[in-house]
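In full-length UniProt numbering, the protein residues as written are 1 to 252.
We put the beta carbon where it would ideally sit given N, CA and C, even for glycine.
Note that the structure is predicted; figures quoted are calculated from it, not measured.
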Amino acid sequence: MTQPIIRFEGVSKAFGTQTVLRDFSLDVEPGAFVSIIGRSGCGKTTVLKLVNGLLSPDTGRVLIQGQDVARIDPVALRRRIGYAIQNVGLFPHMTVEKNIAYVPAISGMEEWKGKQCREKVAALLKQVGLDPALAGRYPRALSGGQRQRVGIARALAAGPELLLMDEPFGAVDEITRGQLQDELLRIHRESGITVLFVTHDIAEALKLGTRTLVMDAGQIQQYDAPSRLLAHPATSFVERLVRRSRVFQTRA
């Protein structure tokens, strides 16, 4: 049996008197695209931050490839993980090229210098559907959709084993959002990278995920293939979530 790339073992997490995760246990297989959906405050973003060590569990453990995150050097850990968020977080004073190359550069990767760096940046821009000629521009000269694509390219630059995405397409228009979703699907199929993707949009969750994790009040309501989630909702909460008149597009 394949070892999970991520394992949560009985994890609980509280902020003051508010418990965000309750006895949370989950295995994520290598290469999965896990879309995570639930109401605001249900613990979705906390799950991501526990994976990259920005938060520590109050009880339980988080393991990456069998290693306890608490025992991994946090800087080394985060260099193994790509992270993309809604507001992108590009450095405004850096060109697109320097933004994309930032993590490899501070990590001292020799192959990210000079001509090789430019070639790698160009390849990443093509991978996310952008013209390599944009490498010399600054973020302010890009559209919202272009900035989001650059953010994905930056997250992929160091060849991470995991890609964590927290509502990355929430700030763009619906047409651009659909294009970004399709690009991300293509990237996932081509690279096989493991993705955890937080969203508030059930249609987006079902379209993108090979597995969909539905959360409520810090607990798992259902973790299943999107098609099974639609056909066999495990709880009344899941049933209410997917009960729509529209036809959903799913990956599995």
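Output the distance between the C-alpha atoms of residue i and residue j, rounded to the nearest integer angstrom.
i: Ile175; j: Gly145; result: 10 Å
i: Ser245; j: Ser107; result: Any reading at Ser245 must be qualified, since the residue scores a pLDDT of 43, below 50, and its modelled position is unreliable; the value itself is stated next. Roughly 49 Å between the two C-alpha positions.
i: Gly218; j: Asp224; result: 17 Å
i: Gly82; j: Gly192; result: 14 Å
i: Pro233; j: Glu111; result: 48 Å
i: Ile37; j: Ala135; result: 34 Å
i: Leu213; j: Val34; result: 7 Å
i: Glu97; j: Asp182; result: 23 Å
i: Leu229; j: Val172; result: 27 Å
i: Arg251; j: Val242; result: 15 Å
i: Gly178; j: Arg154; result: 20 Å
i: Thr194; j: Gly209; result: 11 Å
i: Ile72; j: Arg78; result: 10 Å
What does a CB cutoff of less than 8 Å around residue i pick up in its chain, not counting 5 residues either side in sequence?
i: His93; result: Tyr138
Go through its chain and collect everything with a Cβ distance to residue i's Cβ below 6 Å, but skip five positions before and after it.
i: residue 314; result: Summary: the structure shown does not reach residue 314, with the chain confined to residues 1 through 252, and so no result is reported for it.
i: Phe24; result: Phe8, Val11
i: Phe169; result: Arg177, Leu180
Do residue j and residue i count as a contact pair if the criterion is CB distance below 8 Å?
i: Val75; j: Val69; result: no
i: Gly151; j: Leu90; result: yes
i: Leu156; j: Asn52; result: no
i: Leu26; j: Ile220; result: yes
i: Val238; j: Gln222; result: yes
Under a Cβ-count criterion, where at least 16 other Cβ atoms within 10 Å of its own Cβ denotes burial, should residue i be classed as buried or exposed?
i: Gly159; result: exposed
i: Phe15; result: exposed
i: Gly66; result: exposed
i: Glu119; result: exposed
i: Asp166; result: buried
i: Lys207; result: buried
i: Arg211; result: buried
i: Asn240; result: First, the residue type needs correcting, since residue 240 is Arg and not Asn in the sequence shown. With fewer than 16 Cβ atoms within 10 Å of its Cβ, Arg240 is classed as exposed.
Determine, using beta carbons only, whether residue i comes closer than 8 Å to chain B.
i: Arg186; result: Included in the structure is just one protein chain, with no chain B present.
Can you list, in chain order, the residues of its chain with a C-beta nearer than 7 Å to that of residue i? Leave out the 5 residues immediately preceding and following it.
i: Pro132; result: Ala122, Leu125, Lys126
i: Cys42; result: Met215, Asp216, Ala217, Gly218
(request) Determine, using beta-carbon pairs with one atom in the segment 42-57 and one in the segment 10-24, whether at least three such pairs fall under 8 Å. (result) yes
(request) Taking 8 Å as the threshold, find out whether the segment 107-117 comes into contact with the segment 178-196 through three or more Cβ pairs. (result) no
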